[in-house]
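What follows is a set of notes on a single structure, which appears directly below.
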Amino acid sequence: MVHIISYAAKSDKGLVRQNNQDAFHVSLEHGVVVVADGMGGHQAGEIASQVAIEAIKSDLEQDHWEAEGDEMQTLLKLGSAVEKANRLIRSASSGRPELQGMGTTIVAGLFRLGRVFLAHVGDSRIYRLRGNKLQQITNDHSLVQQLLDAGTFKTEQEAAQAGIGSNVLTRALGIEDQVEVDVTDELLEAGDVFLFCSDGLTSMLPDNDIERLVNHYYPDLEAAVERLVVGALSSGGLDNITVVMAQPEIEGK
Ligand code: CA
């Protein structure tokens, strides 16, 4: 059984960074999409994002639980897969000073049972395109977002003028022994498309540009992803850029 009908994905190191510390994974068969944005010097960031993705693959892509898991079990499974990723990053860096402090964001989507199950930590994002409307369905775990939520600043620009960098995270995998994972799920509707990305896209392109581009190229996901990456590059490409778009199968319809 295939849970994702079509998808497109691209990761680009951008124009400034030496390495690409982002990583992604898609499984049509298992209905899994993961994007991770690693951080840490030398090779550490790449290792952290890769370890996270491998941990989630090995937990979610097992046929035996897929046959039985109901909605609650799926949500718990997804949350515990992300917690396991956190532990594996911690143990990968222990005893290796060069990897100390490495971490990663994560956004993970699992499409099954006519629903999308979502987990995230950090400032990578998931958007849903429904009709012509693109909506962000994750809430960044960043200092800027925290201050916006608290009403300290009204816009990201205001925060930036006050010297609050957009890259300060309040949560990431690999930083502490315990991590709080946001998990949620929602019903799929026919025609829904989901966009998973690292902040290398969203720090370069405002949401209304992203919405305009995906609507322009829909249903050609390949062209949309390509154009989004080009858009981020031509706006400066200051960070690694990863974009995955996926159209789920609407089961039972
Ligand atoms: Ca990044």
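Under our numbering, the final residue of the sequence shown carries the number 281; numbering is consecutive throughout.
Note that beta-carbon positions come from the ideal geometry of N, C-alpha and C, so glycine has one too.
Can you list, in chain order, the residues of its chain whose CB lies under 8 angstroms from that of residue i, leaving out five sequence neighbours each side?
i	result
Tyr246	Leu157, Val221, Ala252
Compare the C-alpha of residue i against each of the options and name the closest.
i	options	result
His229	Asp235, Ile269, Asn160	The sequence as given places Leu at residue 229; His does not occur at that position. Here the closest residue by C-alpha is Ile269.
Ala51	Lys105, Ser152, Gly129, Val44	Ser152
Leu261	Asp248, Glu277, Asp227	Asp227
Asp168	Gly68, Glu186, Ile32, Arg199	Arg199
Ile278	Leu216, Leu256, Leu266	Leu216
Ala136	Ser231, Val211, Thr180, Asp235	Val211
Thr132	Leu141, Arg140, Ala113, Gly142	Ala113
Cys225	Gly129, Gly69, Gly150	Gly150
Gln49	Arg240, Gly191, Asp267, Met273	Asp267
Ser39	Glu82, Ser77, Leu171	Ser77
Glu239	Ala187, Met273, Gly69	Met273
Leu88	Val60, Asp98, Ile32	Val60
Quick one: Cα of residue i to Cα of residue j, how far?
i	j	result
Ala178	Gln189	17 angstroms
Gln206	Asn195	21 angstroms
Asn243	Pro125	46 angstroms
Leu162	Gly123	44 angstroms
Phe145	Leu138	5 angstroms
Ser55	Val30	9 angstroms
Gly193	Gln173	11 angstroms
Glu111	Glu208	8 angstroms
Gly264	Met100	42 angstroms
Val271	Gly142	23 angstroms
Please classify residue i as buried or exposed, where buried requires at least 16 neighbouring CB atoms within 10 angstroms.
i	result
Lys281	Note that Lys281 scores a pLDDT of 45, beneath 50, so its modelled location is shaky; the value from the coordinates is reported in the next line. Counting Cβ neighbours within 10 Å, Lys281 comes out exposed, since fewer than 16 surround it.
Asp24	Absent from the structure is residue 24, since the part of the chain shown begins at 29 and ends at 281.
Gly202	buried
Ala109	buried
Gly42	buried
His58	buried
Gln185	exposed
Asn160	exposed
Lys182	exposed
Leu104	exposed
Met67	buried
Ala218	exposed
Glu96	exposed
With 7 angstroms set as the bound, which would you pick, yes or no: does the beta-carbon of residue i sit closer than that to a beta-carbon of chain C?
i	result
Val60	Among the protein chains of the structure shown there is no chain C, as only one such chain exists.
Residues in the same chain with beta-carbon distance under 6 angstroms from residue i, minus the five sequence neighbours each way, listed in chain order, please.
i	result
Gly259	Leu233
Ile165	Ile154, Arg156
His148	Val135, Thr166, Asp210
Val16	Outside the shown range of the chain, which is 29 to 281, sits residue 16, and nothing can be said about it.
Note down, in chain order, each residue of its chain lying with its Cβ closer than 7 angstroms to the Cβ of residue i, except the 5 sequence neighbours on either side.
i	result
Ser34	Leu249, Gln275
- request: Enumerate, from N- to C-terminal direction, the unbroken beta strand (DSSP E) stretches of 3 or more residues contained entirely within the stretch 161–245.
  value: 161–164, 210–215, 221–225
message: Please give me, in chain order, every unbroken run of the alpha helix (DSSP H) with length at least 4 that falls completely inside the stretch 68–110.
response: 72–88, 91–96
query: Where in the stretch 106–150 do unbroken runs of the beta strand (DSSP E), each at least 3 residues long, occur, reported from the N-terminal end onward?
result: 134–140, 143–149
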